[in-house]
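Protein chains in written order, with this note's numbering: chain B, 1 to 270; chain E, 271 to 506. Just so you know, even glycine gets a beta-carbon here, dropped at the ideal spot from N, CA and C.
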């Protein structure tokens, strides 16, 4: 067994098992209709307001699903929101533009928009050219999208996915164009830029919770319970670890030092 | 079937990649077919994705050419920009494919110092990229102006913290409060700046990071289990 399984990764395995069990348990509980109320996410409530505003003003809606490929979970989370936005754009009769910087994202986005327009009862309004490929290069992509925003002056802009240095370039261009902006990323280093330049922001894990929040499927909503369990576990371990460390230093008791070491080992990776 | 096969691939690849870190690598003494398989999967699944992405890039390039060619033909809005895009795209593609100026043949490097492609990269692409990057300075200033307007208690706190961090990291900031006695050392701007970055700032982004990691786990499980309808298609 020692030459097959890496026993040094036991803590990683334990955490993975606990979190997976919590997510699966949440899904099961939700299927049995034992789900409590959910916290409102203002940024998601703003999706319809932004698209409605674009319809009233007769101006386009822009959706940018980040600058990473489809193998990035943030891109997938962003695209899951595209379905909602495309459905709203179809219902309100807005012109939707989805500039992408990866071909695979473009193809997936087209499929999502086609399905959303069909589900909204307006399949004839869907056109392939509403989703376009711009460039794999980060700044070439940002330059093109900025140019489009300045010329077309969208009334709503959604920046949902993985963003890097171009986040502020895109968000400020949208701001200058007078668009109502909803952004979201799990790249924490870009969050301050998005928070200052956009009207509503999905911060960190809210981006991953968004599709479950918008979907009526209890299985999806139940998975959020598992996510919450993970947060409680992290809080308990951090608080417990801090108390044990303080107790160990203040009292010098060996048992506290041992327990603190165990908590540290549980959280260590690599 | 159109949805079932991608979902199956996603589930299998997802499960295999999740299990990969728990098997000993063959180079670290892992024996038997399982360590060999998981090491192979770990190394090659991302390569397979890159191969797929290369083929998809042809689709992207074709879409770019089609969109701009149509706009030029129909003399649509801003068509001269589209013409410029077509010319630049074709020129770079031809210069790169035929390795103009660089060593010829399959072994010749596209990025050789004498190649036309390197010249374009160094003297056209990089200055354009740097120019755009430099725009960030102005955008940061305008965004900071909006964020720091004293609209609320939180905005005022943000302004005060930003002021301390900015000033505390300059020699002027250090000399400004250097007169404070050692007992009040923690009030010196440079010390305060370090404390803000190390304590409240680190606590803030670490909590966000923990939330993100949990979100990634939940999202990945939803994808592996095939219940994430929005991207995989199906009921909504």
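Tell me residue i's beta-bridge partners as DSSP assigns them.
i: residue 133 of chain B; result: B:100
i: residue 300 of chain E; result: BP columns for residue 300 of chain E are empty, so no partner.
i: residue 30 of chain B; result: Note: residue 30 of chain B sits in no beta bridge, so no partner.
i: residue 61 of chain B; result: B:96, B:156
i: residue 200 of chain B; result: B:182
i: residue 293 of chain E; result: B:5
Step through the CB atoms of chain B and report whether any lies within less than 8 Å of the CB of residue i.
i: residue 350 of chain E; result: no
i: residue 487 of chain E; result: yes
i: residue 410 of chain E; result: yes
i: residue 528 of chain E; result: Because chain E here runs from 271 to 506, residue 528 of chain E falls outside it and cannot be looked at.
i: residue 337 of chain E; result: yes
i: residue 424 of chain E; result: no
i: residue 448 of chain E; result: no
i: residue 456 of chain E; result: no
i: residue 318 of chain E; result: no
i: residue 501 of chain E; result: yes
i: residue 381 of chain E; result: no
i: residue 470 of chain E; result: no
i: residue 452 of chain E; result: no
i: residue 291 of chain E; result: yes
i: residue 323 of chain E; result: yes
i: residue 272 of chain E; result: no
i: residue 389 of chain E; result: no
i: residue 276 of chain E; result: no
How far does the alpha helix (DSSP H) with residue i in it reach, from first residue to last?
i: residue 257 of chain B; result: 254-267
i: residue 390 of chain E; result: 386-390
i: residue 429 of chain E; result: 423-438
i: residue 413 of chain E; result: 396-418
i: residue 41 of chain B; result: Per DSSP, residue 41 of chain B belongs to no alpha helix (DSSP H) and is neither H nor E.
i: residue 494 of chain E; result: 472-495
i: residue 175 of chain B; result: 167-176
i: residue 443 of chain E; result: 441-446
i: residue 393 of chain E; result: Looking at the DSSP string, residue 393 of chain E is not in any alpha helix (DSSP H), and its letter there is neither H nor E.
i: residue 359 of chain E; result: 349-367
i: residue 381 of chain E; result: Where residue 381 of chain E is concerned, there is no enclosing alpha helix (DSSP H), given that its DSSP letter is neither H nor E.
i: residue 461 of chain E; result: 459-466
Can a CB atom of chain E be found closer than 8 Å to the CB of residue i?
i: residue 280 of chain B; result: The shown model of chain B, from 1 to 270, leaves out residue 280 of chain B, and the question about it has no answer.
i: residue 133 of chain B; result: yes
i: residue 49 of chain B; result: no
i: residue 215 of chain B; result: yes
i: residue 73 of chain B; result: yes
i: residue 193 of chain B; result: yes
i: residue 227 of chain B; result: yes
i: residue 42 of chain B; result: no
i: residue 80 of chain B; result: yes
i: residue 197 of chain B; result: yes
i: residue 108 of chain B; result: yes
i: residue 63 of chain B; result: no
i: residue 163 of chain B; result: no
i: residue 30 of chain B; result: no
i: residue 98 of chain B; result: no
i: residue 127 of chain B; result: no
i: residue 151 of chain B; result: yes
i: residue 23 of chain B; result: yes
i: residue 93 of chain B; result: no
i: residue 83 of chain B; result: yes
i: residue 232 of chain B; result: no
i: residue 204 of chain B; result: yes
Residue i lies in the beta strand (DSSP E); which residues open and close that run?
i: residue 180 of chain B; result: 180-185
How about residue i: is its C-beta nearer than 8 Å to some C-beta of chain A?
i: residue 397 of chain E; result: Of the protein chains in this structure, namely B and E, none is chain A.
Please check the pair residue i and residue j, which I expect to be a contact at CB under 8 Å, by giving their CB distance rounded to whole angstroms.
i: residue 458 of chain E; j: residue 447 of chain E; result: 4 Å
i: residue 408 of chain E; j: residue 169 of chain B; result: 10 Å between Cβ atoms; not a contact.
i: residue 150 of chain B; j: residue 130 of chain B; result: Actually they are not in contact, since the Cβ atoms of residue 150 of chain B and residue 130 of chain B sit about 19 Å apart, beyond 8 Å.
i: residue 75 of chain B; j: residue 161 of chain B; result: 5 Å
i: residue 413 of chain E; j: residue 466 of chain E; result: 20 Å between Cβ atoms; not a contact.
i: residue 294 of chain E; j: residue 303 of chain E; result: About 13 Å separates the two Cβ atoms, so there is no contact after all.
Does the Cβ of residue i lie closer than 7 Å to at least one heavy atom of the ligand ZN?
i: residue 479 of chain E; result: Within the structure as shown, the ligand ZN is missing, as the structure has no ligands at all.
- Message: In chain order, what are the residue ranges of uninterrupted alpha helix (DSSP H) at least 4 long that sit wholly in the region 209-259 of chain B?
- Response: 218-251
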